[in-house]
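Chemist: Take a look at the following structure, please.
Residue numbers (our numbering), protein chains in the order written: chain A, 1 to 124; chain B, 125 to 868.
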């Protein structure tokens, strides 16, 4: 079963890293540097999990997460927020993320979160 | 009238009962004819009287008081009777009682030419009756006299009479009349008066007393009184003393006044001599010192002998040219008082010129014509006071300059009246116009939301607990709403009863500094963030390679990559601590409290640490199951830091021992190592920012000295304490304590 991962991350270096991490295991990674319309991307890729970096050009990861969680159709898609800042900085904002990882993260931890959180069966 | 008739007339007269015929002779009268009776009574021969002017006759022949009456009759030309009177005639041993009549004889021109002075020997009783009326009159007079008068009779001193005043003076009533003195005034027993009276009686000599003190029973009380008195002996015809007349006045009030006067004079003298004010009385145009007290000698630095009786300018020639000379002259000229509050007074001393500050008054002494005959000079040495004031003024001036040049605002707050007083600069800082009132409430409202309760709490604990007030906070301008950063420091001032009376301090505008700091913190945050970005991919690659090497069983690669990952983690930790610091300093560390078991957190951390460090023996030796209400992640950070330090600063194979205890409702966590230990001189500053112990041994150990600072800040924000015990060469034990969660 195909597992789709939508990633928005402005460090282009990370595209290869993610692809390497999720190589095999039926994972498909959709990598974007930034987006103005996360819903459009969700419509387009129907991911089983969304990984958002916090610091982005344009809308930041937190704002994107809010949009996902506010959307009736996509609100159940798990969101993993990544940031080089520690978690407590974002605690007040309550954007509704499902998991948080501080950069630099542990590859294994990331794989575990995705493995457990990803929504199955959203294949085209 | 012819000569024969004249003879007959005279003869008739001689035989008749009439006394004398007086012929007018100028202003006086001469005796024209004398009756035999008159010659008999007076025992005189006719030839000694006929033709004699009455003014030449002695009292015993012609009573002096009759002379006066003759003139009255001459003037009134009416017959006049003279009341019976006692006549002690010449050559007679006994008094006789006679009555008399004076009759004028007029000529054709109605002028008095003769007076007929006829006398009649009357019964003795008539004269006595006169005595009686005189006596009544006398008694009446005594009663009305403004002095106490009384008569004592006989050797027993029986109070025969006493006027009201004397009775009052004795404090007695009429009931004592006819009682002996001893019985009437028994309180006199033992006092000198009874004996005095006896002496007067015995010797017949009058006695007087002045302001004599007597104790008298008045209104039931024995009280002292002062009298002026006279004891006058009364004697009978034979000159024997039969009684004593007492005349007395009560001078008690007078004596009291006199005593008070004497006392007040003495007091005044004492006052003058002992007062700490220097007093001086100058007399005459030469300003001669008549009176001066010790304080004045001290003020002048002169001895008594150098001052008294000498002219002022001789005593103190240095006064020449000083203001005092002028003041004195003016008071002498104008007769008006003068009193300068503060004058500088220069005087000669053995070691040079002395300088004193003095407050003066000059009061003229005026004679009855209003001329100044002297001056009273009072002076107070206020040198110490003036110098103190000048010192205070200088200090205040310096403080004012300091405050103004530092652009500091100052404030005073009275916790009782809730009144706030501020300096103009402070008003400016808060964005008020100069004349506008600032109140405690408007000030608090201007503090931004995030700091308002912090400021209020700090003020409260300052006022209530006396903690010093030292706080940075942001405010919004009263009109412009512009954000400004302030730093306020202050403390509470208490009165003698320990009641807080004033809460005051200073305020500094730290906006610029704060903005710099914000920029710096933002910069650090940005740098850390940017540094972490390449580290993220680096770590991921190292880990991916690592797992591949493990799959390929390439032990050498696994080993190297594990070390590489360790270095990445170390670097990440350093960057992270910078980020933490910047967040902390920006005041952006918020505690996310939750109730959790502290022992579980400790176990988790030890487990985690043991995964990466297998070279030390890390163990919990004792830990009770204790719940705390705290920020789990941050407390974890602290424990991590303490264990990390223990590992970092102790040789491999050593023990790191963790304990947690519940002591007085506080959880106390300790991390003990057997490491290098910390030199004594470094212990105090160990928790300061960027502080690292300088030592050759430590040169190889990395770190920025942020960890303990962060830990202590986190613990402080939890109302906890952090401290260390250490001995160089033996190891250290770090402690922190937190309030335990209160049992529900």
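Here a beta-carbon is modelled for each residue, glycine too, at the ideal position from N, C-alpha and C. Since the structure is predicted, the reported quantities are computational estimates derived from the model, not experimental observations.
Please name the residue or residues paired with residue 549 of chain B in a DSSP beta bridge.
Modeler: Answer is none; residue 549 of chain B lacks a bridge partner.
Chemist: Strictly under 7 Å for the Cβ-Cβ distance: is residue 769 of chain B near chain A by that measure?
Modeler: no
Chemist: Leaving out five residues on either side along the sequence, give the residues of the same chain with a beta carbon under 6 Å from the beta carbon of residue 121 of chain A.
Modeler: The predicted position of residue 121 of chain A is uncertain, since its pLDDT is 48 and thus under 50; a value taken from the coordinates is nonetheless stated next. If we look at residue 121 of chain A and ignore the five residues flanking it on each side, it has no Cβ neighbours.
Chemist: For the beta strand (DSSP E) containing residue 177 of chain B, list its first residue and its last residue.
Modeler: Looking at the DSSP string, residue 177 of chain B is not in any beta strand (DSSP E), and its letter there is neither H nor E.
Chemist: Check each residue of the segment 760-785 of chain B: if its Cβ is closer than 8 Å to any Cβ of chain A, include it; give the result in chain order.
Modeler: none
Chemist: Between the alpha carbons of residue 849 of chain B and residue 807 of chain B, how many angstroms are there, rounded?
Modeler: 8 Å
Chemist: Is there a Cβ of chain A sitting closer than 7 Å to that of residue 657 of chain B, yes or no?
Modeler: yes
Chemist: By how many angstroms is the C-alpha of residue 458 of chain B removed from the C-alpha of residue 76 of chain B?
Modeler: The structure shown has nothing for residue 76 of chain B, since chain B only spans 125 to 868.
Chemist: Does the beta carbon of residue 33 of chain A sit closer than 7 Å to a beta carbon anywhere in chain B?
Modeler: no
Chemist: Taking only runs that begin and end inside the segment 209-245 of chain B, name each unbroken beta strand (DSSP E) of 3 or more residues, in chain order.
Modeler: 220-230 and 236-245
Chemist: Under 7 Å between the Cβ atoms of residue 733 of chain B and residue 835 of chain B?
Modeler: no
Chemist: Of the residues that make up the segment 13-37 of chain A, which ones have a beta carbon closer than 7 Å to any beta carbon in chain B?
Modeler: 13, 14, 17, 20 and 21
Chemist: Which same chain residues, not among the five before or five after residue 154 of chain B, have their C-beta less than 8 Å away from its C-beta?
Modeler: 146, 147, 175, 176, 177 and 178
Chemist: Distance check for residue 566 of chain B and residue 603 of chain B, CA to CA, integer angstroms please.
Modeler: 12 Å
Chemist: Quick one: what's got a C-beta closer than 6 Å to residue 504 of chain B's C-beta in the same chain, skipping five residues either side?
Modeler: 401 and 483
Chemist: Rounded to whole angstroms, what's the CA-CA distance from residue 845 of chain B to residue 790 of chain B? Just pull it up for me.
Modeler: For residue 845 of chain B and residue 790 of chain B, the gap between their C-alpha atoms comes out near 10 Å.
Chemist: Is any beta-carbon of chain A found at less than 7 Å from that of residue 644 of chain B?
Modeler: no
Chemist: Per the DSSP calculation, residue 373 of chain B is bridged to which residue(s)?
Modeler: B:352
Chemist: Rounded to the nearest angstrom, what separates residue 125 of chain B and residue 234 of chain B at their Cα positions?
Modeler: Its pLDDT being 48, under 50, residue 125 of chain B is placed unreliably by the model, and nothing is read from it.
Chemist: Assuming residue 627 of chain B and residue 539 of chain B are in contact, meaning their beta carbons sit under 8 Å apart, how far apart are those beta carbons, in whole angstroms?
Modeler: 6 Å
Chemist: Could you please tell me which residues of the segment 666-685 of chain B, in chain order, have their CB closer than 8 Å to any CB of chain A?
Modeler: 667, 668 and 671
Chemist: In three-state terms, what does DSSP make of residue 327 of chain B?
Modeler: Helix.
Chemist: How about residue 488 of chain B and residue 501 of chain B: are their beta carbons less than 7 Å apart?
Modeler: no
Chemist: Is it buried or exposed, residue 876 of chain B, if we count other Cβ atoms within 10 angstroms and call 16 or more buried?
Modeler: Since the displayed chain B opens at 125 and closes at 868, residue 876 of chain B lies outside it and no answer follows.
Chemist: How should residue 640 of chain B be labelled, buried or exposed, when 16 other C-beta atoms within 10 angstroms of its C-beta is the threshold for buried?
Modeler: exposed
Chemist: Mind listing which residues of the segment 94-108 of chain A have their C-beta closer than 9 Å to chain B's C-betas, in chain order?
Modeler: 102, 103, 104, 105, 106, 107 and 108
Chemist: Is there a C-beta anywhere in chain A that falls below 7 Å from the one on residue 93 of chain B?
Modeler: No statement about residue 93 of chain B is possible, as the shown extent of chain B runs from 125 to 868 and does not include it.
Chemist: At a CB distance below 8 Å, what residues from the segment 71-86 of chain A approach chain B? Give them in sequence order.
Modeler: The segment 71-86 of chain A vs chain B, Cβ under 8 Å: 84, 85 and 86.
Chemist: Are the beta-carbon atoms belonging to residue 62 of chain A and residue 34 of chain A less than 7 Å from one another?
Modeler: Their beta carbons are not under 7 Å apart, which means residue 62 of chain A does not touch residue 34 of chain A by this criterion.
Chemist: Return yes when the Cβ of residue 379 of chain B is within less than 7 Å of the Cβ of residue 355 of chain B, no when it is not.
Modeler: no
Chemist: In angstroms with no decimal places, state the Cα-to-Cα distance between residue 432 of chain B and residue 420 of chain B.
Modeler: Their Cα atoms are separated by approximately 11 Å.
Chemist: With distances taken from CA atoms, which of B:181, B:562 and B:398 is nearest residue 144 of chain B?
Modeler: B:181
Chemist: Pull up the CB-CB distance for residue 481 of chain B and residue 468 of chain B, whole angstroms please, since I reckon it's below 8 Å.
Modeler: 6 Å
Chemist: Any idea what DSSP makes of residue 703 of chain B, helix, strand or coil?
Modeler: helix
Chemist: Would you call the CB atoms of residue 369 of chain B and residue 283 of chain B closer than 7 Å?
Modeler: No Cβ-Cβ contact shorter than 7 Å links residue 369 of chain B with residue 283 of chain B.
Chemist: Please list the partners that residue 55 of chain A has in chain B, where partner means a Cβ-to-Cβ separation under 8 Å.
Modeler: Per Cβ cutoff of 8 Å: 653.
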